[in-house]
Amino acid sequence: MGKLIAWEILLVQICQCLNEWPRKHPESTSIGQKCKQCIMSLQNGDAAIPRTEILEYSIAMLLNLSDWASLILPDKRSPILEVSSALAGAAMDIEKGKPSRICREAWDLILPMFATTGNKRNLSRDSPTQAVNNFSSFFNKLREPFVVSIIMSLLAKILNIIKDDTNIEISCDYMFLWPTTISNSNAYSMRAVSETLSYLLEQNLKFYPQNIAWIKLRADLDYLNGNNEAAIKGYVNALISGTEYCTLHLQKPLIDDAVVRRMIKCSTNLGCHMQATVLCQFLDEIDYGLVFKCISEKSATFTDAIDTYYSCIWDVTILEFIINLHAKKNEHTRKLQVISYMSQLELNANNNEEIKREAANNRKMKFLRALAKQYMLQEM
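Numbering (mature numbering (1 follows the signal peptide of the UniProt record, and there is no 0)) for the sequence shown: -17 to -1, 1 to 363.
Set out below in structure tokens:
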């Protein structure tokens, strides 16, 4: 009876830790030791064993405390313990500098949960729907960013393989851990994987709202699912956070051509062609064919800010094209407006590279603030 009461007290302590996360609990070391004792009572086949709920919380807490070694057991008497042991092994390999090893164990345990046909091996030994629910319920107890990122990378890898479209692939840390192919990938539910990943992102961003990798991952997921406004909002959020609210210059790996092209695609799909035009300048090599297409679309539809973003353009070739376009349409006032922007001293073609770079950076920040105002302040 004393053990049973002690385990119930342990459950309360773990829940308190999770609710107060990421603040470190003063008794976290003691709680971790009790969690290990709880799991060992199951492993040793004691007469009195803890309830399944307490076991799951204890396993999750050890993952949260990064106590990988305590979870790598030869005899795993719980499906949850199987998966947790595999994840702990992956985390330990990365920490030991052995990231090249493919982690088949965790992959083989989690992938079948999303199967739509055939025999499935999963966490609950029940239906795939129940397995996914159990999966989400358990991983909702996790708080440690490292292990959570490993889980997210596994789900993202599954999604990429099932979707099989390099143009909308999700990118995140630790993707190298997982296999690159799935036999009969059509037999797995892309929707179930996507919803599970989305749920994990939503839950964990509550505790780490400034985790840029997760913000970008959520934006990638929205892009994959065709949610253009949510996707560009996510990318803007990541850029704002990564530049500490526009106080630092944009640079890799925060932004790269893949992110820029996705933002361009989202903008054009939303009818914001002038936004897309400005974004083309963020590419390593400006795609002028794409620029001229965006400007032409803008001139035909007038659905976005029209002239508002002209002051965010630093590429003289683009400004010259816009001037020529206004001249052809006899838009004299607008043509003069663009000429005034192009005549600014910092855009002089004879300037040294440092001045040109500073002019571009200033306009990038101005444009980023405008995007933040449009996409991030609209819900406030």
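Ideal Cβ positions, reconstructed from N, Cα and C, are used throughout, including at glycine.
If you're wondering where the values come from, they're calculated on a predicted model, not measured in any experiment.
Of the residues assessed, Y293 falls on the buried side of the cut-off, its CB having 16 or more other CB atoms within 10 angstroms. Pairwise C-beta distances place the region 117 to 127 in contact with the region 44 to 53, as three or more of them are shorter than 8 angstroms. Apart from the 5 residues on each side of it in sequence, I32 sits with its Cβ closer than 6 angstroms to the Cβ of S24, L25 in its chain, given in chain order.
Looking at the DSSP output, A30 sits in no beta bridge, so it has no partner there. Across the set K17, F190, Q320, L38, the C-alpha of F190 shows the shortest separation from the C-alpha of E3. Non-local beta-carbon contacts of M325 in its own chain, meaning distances under 8 angstroms to residues more than five positions away in sequence, involve V299, L302, E303, I306 in chain order. For E336, the enclosing alpha helix (DSSP H) stretches over residues 336 to 358. Taking 8 angstroms as the cut-off, the Cβ atoms of S132 and D148 do not count as close. Restricted to the region 210 to 235, the alpha helix (DSSP H) segments that are unbroken, complete and at least 4 residues in length are 211 to 225, listed in chain order. F265 and A202 have their C-alpha atoms some 18 angstroms from each other.
Taking the CA atoms as reference points, R352 sits about 19 angstroms from K235.
Going by DSSP, W197 is part of the alpha helix (DSSP H) stretching over 195 to 207. Taking 4 residues as the minimum length, the alpha helix (DSSP H) runs contained wholly in the region 31 to 93 are 35 to 47, 62 to 78, 87 to 93, in order along the chain. For R174, the enclosing alpha helix (DSSP H) has its first and last residue at 173 to 188.
In the three-state scheme derived from DSSP, where H, G and I count as helix and E and B as strand, A98 is classed as strand.
The criterion of a C-beta distance shorter than 8 angstroms is not satisfied by I134 and F121.
In the DSSP assignment, C(-1) falls within the unbroken alpha helix (DSSP H) covering -16 to 3.
Bounds of the alpha helix (DSSP H) holding S250 are 240 to 252. Going by beta carbons, K59 and S53 fall outside the 8 angstroms limit.
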